[in-house]
Amino acid sequence: MTGIRLKRDFFIRDVLDVAPDLLGKTIVIMSVDGVPGRYRVIEVEAYRGSEDKACHASKGRTARTEVMYMEGGRLYVYLIYGMYWMLNVVAGAENDPQAVLIRGVENLNGPGKLTKKFGIDRTFYGEDLSKSDRIWFEESGFTPAVKISERIGIDYAGDYWKSRPWRFFV
DNA sequence: TCAGTGATTAGG
DNA sequence: CTAATCACTGAG
Numbered sequence: 015m016t017g018i019r020l021k022r023d024f025f026i027r028d029v030l031d032v033a034p035d036l037l038g039k040t041i042v043i044m045s046v047d048g049v050p051g052r053y054r055v056i057e058v059e060a061y062r063g064s065e066d067k068a069c070h071a072s073k074g075r076t077a078r079t080e081v082m083y084m085e086g087g088r089l090y091v092y093l094i095y096g097m098y099w100m101l102n103v104v105a106g107a108e109n110d111p112q113a114v115l116i117r118g119v120e121n122l123n124g125p126g127k128l129t130k131k132f133g134i135d136r137t138f139y140g141e142d143l144s145k146s147d148r149i150w151f152e153e154s155g156f157t158p159a160v161k162i163s164e165r166i167g168i169d170y171a172g173d174y175w176k177s178r179p180w181r182f183f184v
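With positions in the first sequence counted from 1, the corresponding number in our numbering is that position plus 14.
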């Protein structure tokens, strides 16, 4: 079941709109032998701008966060704990650093586990989702009920930012 | 509860 | 250059 690729405009909106809208969408990833894998997104988190203490861009513009300052529709990929690649989608307008962390897809929960399964690594940093031939998102025709909670794993960000209801899941 | 593992960042 | 930190995971 294939769908229409999400266009750049989908991602050039506030991350608090993009993140929940990604739930139920299909992520398509090419394997090394050219066979596309298709997975339904079921869990995401929003990281919103330089004021958000949990957002990597809160410490300012660095080499790592550079892609978040670009127009929405690209991937922000980074390594955490020396072992796990995190897959994020840049959202929002240029110079407004926002991103959506993909935390889970159907039958595969955990942001580190899905990137291992997908083969995501540093070479995906900055990948353009509107043009890439190895990863993109598609419409699915499925609109799930959205559940909401606080974000996970950001104790360092302080009570206010830790308590923002910016985790969205099915 | 806690160690693994290495890129990234701030600071000297 | 050093040292601290980390949007996680799996073992015990």
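Quick reminder that beta carbons are idealized off the backbone N, C-alpha and C, glycines included.
Report yes if the C-beta distance between residue i and residue j is below 8 Å; otherwise report no.
i	j	result
R19	G87	no
F182	I168	no
E59	W180	yes
R136	V91	yes
R62	L30	yes
I43	F156	no
W175	A68	yes
L128	G140	no
N123	E57	yes
A105	R178	no
For residue i, does the count of other Cβ atoms within 10 angstroms reach 16, so buried, or fall short, so exposed?
i	result
S154	buried
Y170	exposed
A159	exposed
I166	exposed
T76	exposed
T79	buried
D35	buried
Could you check how far apart the C-beta atoms of residue i and residue j are, in whole angstroms? I think they sit under 8 Å.
i	j	result
V55	K39	5 Å
I116	V103	7 Å
- Query: What runs of the beta strand (DSSP E), each 3 residues or longer, lie entirely inside the region 64–138?
  - Reply: The region 64–138 contains these whole beta strand (DSSP E) runs: 89–94, 98–104 and 112–119.
- Task: Report yes or no: do three or more beta-carbon pairs, one from the region 144–154 and one from the region 104–115, lie closer than 8 Å?
- Result: The region 144–154 makes no contact with the region 104–115: fewer than 3 CB pairs, one atom from each, lie closer than 8 Å.
- When the Cβ atoms of the region 125–145 are set against those of the region 97–104, are three or more pairs found closer than 8 Å? The region 125–145 vs the region 97–104: in contact.
- Completely contained alpha helix (DSSP H) runs for the region 18–49, where each covers 4 or more residues: Entirely contained in the region 18–49, the alpha helix (DSSP H) runs reaching 4 residues are, in chain order, 22–25 and 29–36.
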